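Asks: In the numbering used here, the protein residues as written are 3 to 644.
Please read through the structure below; I'll follow up with questions.
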Amino acid sequence: MIDTLMVESWLVTRSGPYDSTVHEVLYNSEPGGPHALNGGSTAPLLAAINARLDQIGLPPRAPSSRLEPFNAADAVLHRAGFVSEVTHRGRFHHLPAGMTDPVEQRHTVTRTVDMLGAEGFAYAVDADLLDHSLLVRTDNGLSLGDRLDHLTQSLSRAGHTSQAVAVLSELTAPGDGVLDRLTEVLDATADWWEGLGETADPLYATSLRRINRQMGVSTQEIYNLRNTLADRHAEHPLRARSGPITSQEPRVAAALAFSPPGERIPRRRPRPRPPLHRRLSGPRPPPAADRRTSRMPALTGTSRTLSLLPPAPAPCSERIAMPAHATRYDAQLIERFGSIDAFRARRHSPDPAEWGPALDYVRLAETETELVQLRSRVWMLTAPGSYPDTGLAAKLDVVIDDMYVLIALREDTALTLEMQLGLTAPPTEHGKMFDPHWHLTPAPGTIRTTEKAPPPIDDDAESGTHTPPARTVLTAFDARVEALAGDLDQLRALADQPQADPALRELNSSHLGLIDAETVCLFHRVRINTLADGRWYVDGPLVSTIDEALTALEAGITTRDDHARDLEQRLDWLEADATRDPARAAGLMFAASATAVPVESGDRHAAAQAVSPAAQRHGTPTVTPAETPAPPNAAPASVHHR
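What follows is the structure, encoded as C-alpha cells:
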C-alpha cells in the first residue's frame, strides 16, 4: 500500500492478502520517518521498493512488446474464454467451471494454443489436451481495440482543436458512436442474461444495467466536453498542425475510411432532458457500480500487488456541505441494521441478497452527493453579481441536463432499494416554491424609476469636500443617453409633454423598454439562485421549476438583446445627427425640449414647471461620439432592481 500525505511524503507498506502476520513498512518519508529527508521525491521511493523486491527474491518482469506494459498473454487467454484468478501465489487462468465436456475442452485449448502461437508466445501443453483434427489458425486479425488505436494516434498528432474534436466525435456521435454502441451491447447482454433461468441471473442483469446507466451519464459529460472543445476552434499552442494521413500508413488509412451505410439502430439511452413536469418514476434499472471504490489504480506483478491509494479527502469545510444523512432512507436503515456502516459492510458478503442492496445504497449516496454538487454549481453561477447573458444560460442548461440524468438514475436505484428492503420514501415538501413571484415583490414591470437618493446633509457645507452618492446603473447605455438628452429623471418627465421632441420620446421609450427587459432577466436570475440555495431536496419537481425559470430567462435575454440593439442603433443615429448639427449637441436637445411655449395655467403646465429644473446633477459622465459604444450584451458595473 502506498499512501501520500499532502503530496509531501510517502508511506509504503507490504502485507499479505491471506496472511495477516505479514506486514512491514518499506518506505516512510513522513516527518520523523527514516526517509524524511527525501520528502515527496519519487526516485528514492521506487529505488527502495525495487531493493526490497530484490531481497525477497522476486525477479523483474519484462513487459511485453505487444501490449506494453500489460500482459499480452493475459489478453489472448481472456479472448479465448479462459477465466483469470489472482491468489497469493500469482495469477493463473482456468477453463470455465461449467465446461465439463472433454471435447469442448480440447477445442478451447487447441484454439487458445493457436492464438498464443500466432502472437509469438512459447507454450508447453499435454498432447492429450489438443484436438489435432482442427485446422491451425495463424491469423487472428485485428481486435476491436486495435482498430480503435488509430483514434489515439490521431489525437497524439493533433495540432488543432478540430482534429481533436474529430476523434471525440467518433466516440460521442449520437446513435452510432462508439460509446452509444457500447451501451447497446451492455443493454442487450443484460436482456439476454436475465433469461438464463437461475435465481441470481436477474440480479446480475440488474447490476449490468446499473453500470450501463452510469456510463450513460459519463457519455453525456464527454458529449458536452466535446461541444465545448468544438466551440474553441483554435490551434494548440504547443503542437504544430499535422497534415493529412499519407498513403504510407495503410492500417490507419483503412481504419479512417468510410464504412458502407447500414441501418441505423435507435438509441437505447434516453435523452437526458425530459419534458417539463415529467414524473421521473417507474420500474427502471438502477445505476452503475461504485467507480470510486472499485476502480482504484493498481500495479500488479506476478506475486505482489501495490495499490496506489488516492490522496486524503479535503477537509469538510472545503467541500460542499452534506446533510447528516446521505440518503432519505438512512433513518430506516439505522433502525433495522443498527448503523449505516454495518449496512454498508454487507456489500462484502458473498450472498447477492446482501451485497446487492448495500451496493445500491452506495450508488444512491454517491448520486445524492453529485446532485448536491450540481445544485451548488447552479447556485454559484447565479450568485449576486453574475450578469444574466447567453453564456450564463448555456452553462445552466448543461448543468440542468446533467441533473435530469442523475435524478433518473437516483430514482432507479431508490426504487430497487425500496423493493429489496421494503423501505418507504419520506414525502418531499416544496412550500411556496412553485409560485413564480413569491420571493420578489412587486412583479417585474411594475416599477420603472430612475430617481436618485437625495444627497446626505453635510454639516460642513462650506468645506467644499462633499462627494455626491454613486448613481444607480440601470443599463450599459445610461451615460450615452444622458449625454444626448440630459438627466434621466428630467427625460422621463419631459418625454410625456406635448412639446417634446419626437426623437426624445422614442429615445425615452427605447430606454424604458431595455430597463424593463433588464428587470425581467434579473428577476429570473434571482429566482434560479433562490431555488438552488439548498433549502429544498433536489428532485424532479425542483429541477423542472429551475428549468422553467431558465426558459423564461432565455426568453428575457433574447428580448433584452433586441431592445439593446434598438437603443444602440437609435443612439448611433442621434450622435451622428449631433455631430453634423452643433445645435443638437449633447445637452442642447434637452434644453430645446425643456423650453415650453407659454400656455394657460393648468395641471400639465404646472407639473412641467415643477419637474423641469428640480434635479441637481452631480458629475454625470459624458460620452462623445468618437468613443467606442458598449456592446449590447455587456454587463454594467452593477445592476440593481429599484
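Yeah, the Cβ is synthetic: ideal placement off N, Cα and C, and Gly gets one too.
Values in this document were obtained by computation on a predicted structure and should not be read as measured data.
Measure the Cβ-Cβ separation of R330 and L373 and say whether it is below 8 Å.
Replies: Not in contact: R330 and L373 (Cβ atoms no closer than 8 Å).
Asks: Give the secondary structure of V540 by DSSP, where H, G and I count as helix, E and B as strand, and everything else as coil.
Replies: If DSSP states are grouped into helix, strand and coil, V540 belongs with coil.
Asks: For A323, does the count of other Cβ atoms within 10 angstroms reach 16, so buried, or fall short, so exposed?
Replies: Low confidence applies to A323: its pLDDT is 36, below 50, so where it sits in the model is not reliable, and the reading given next is rough at best. Exposed.
Asks: At which residues does the alpha helix (DSSP H) containing H513 begin and terminate?
Replies: From DSSP, the alpha helix (DSSP H) with H513 extends over 504-533.
Asks: Tell me S17's beta-bridge partners as DSSP assigns them.
Replies: Its beta-bridge partners are H25.
Asks: Taking DSSP as the reference, what is the three-state secondary structure of A577?
Replies: According to the sequence displayed, residue 577 carries Glu and not Ala. Correct three-state label for E577: helix.
Asks: In its own chain, which residues sit with a C-beta less than 7 Å from the C-beta of R108, not counting the 5 before and 5 after it?
Replies: Excluding sequence neighbours, R108 sits near L131, L132, D133.
Asks: So, for S171: in the same chain, excluding its five sequence neighbours on each side, which residues have a beta-carbon less than 7 Å away from its beta-carbon?
Replies: Same-chain partners within the cutoff: R228.
Asks: What residue range is occupied by the uninterrupted alpha helix (DSSP H) comprising E200?
Replies: From DSSP, E200 is part of no alpha helix (DSSP H); its letter is neither H nor E.
Asks: Is the beta carbon of F479 sitting closer than 8 Å to the one on L569?
Replies: Cβ distance < 8 Å, so F479 and L569 count as in contact.
Asks: If the criterion is Cβ atoms closer than 8 Å, does the pair L516 and A578 meet it?
Replies: In this structure, A578 does not lie closer than 8 Å to L516 by Cβ.
Asks: Give the straight-line distance between the Cα atoms of I530 and D564, rounded to the nearest whole angstrom.
Replies: If I take the Cα positions, the gap works out to 23 Å.
Asks: Give me the Cα-Cα distance between Q155 and N214, rounded to the nearest whole angstrom.
Replies: Cα to Cα, the separation comes out at about 27 Å.
Asks: Rounded to whole angstroms, what is the Cα-Cα separation between V78 and R113?
Replies: Cα to Cα, the separation comes out at about 11 Å.
Asks: Going by DSSP, what residues sit across from N214 in a beta bridge?
Replies: Beta-bridge pairing links N214 to no other residue.
Asks: Can you check whether the CB of E196 is closer than 8 Å to the CB of D189?
Replies: Contact flag unset, no.
Asks: Classify L533: buried if its beta carbon has 16 or more other beta carbons within 10 angstroms, exposed otherwise.
Replies: Buried: at least 16 other Cβ atoms inside 10 Å.
Asks: So, does the stretch 410-430 touch the stretch 360-371, judging by three or more C-beta pairs under 8 Å?
Replies: They touch, by the three-pair rule.
Asks: Using the three-state DSSP reduction, which class does V127 fall into: helix, strand or coil?
Replies: The answer is coil: DSSP assigns V127 none of H, G, I, E or B.
Asks: According to DSSP, which residues form a beta bridge with S164?
Replies: Answer by DSSP bridge pairing: none, since S164 is not bridged.
Asks: Can A160 and A166 be called in contact, C-beta distance under 8 Å?
Replies: Yes, these two residues count as a Cβ contact at 8 Å.
Asks: Can you have a look at Q222 and say buried or exposed, based on whether 16 or more other CB atoms are within 10 angstroms of its CB?
Replies: Buried, since its Cβ has 16 or more Cβ neighbours within 10 Å.
Asks: Using the C-alpha atoms, what's the distance from R482 back to D574?
Replies: Looking at the two C-alpha atoms, the distance is approximately 10 Å.
Asks: Would you kindly check if the distance between the Cβ of T191 and the Cβ of L205 is under 8 Å?
Replies: It is not a contact, given that the beta carbons lie outside the stated cut-off.
Asks: Quickly, what does DSSP pair R656 with across the bridge? List them, please.
Replies: Within the shown structure, residues of the chain are numbered from 3 to 644, placing residue 656 beyond reach of any answer.
Asks: Among D491, H526, V528, R527, which has the Cα closest to the Cα of H513?
Replies: Answer by Cα proximity: D491.
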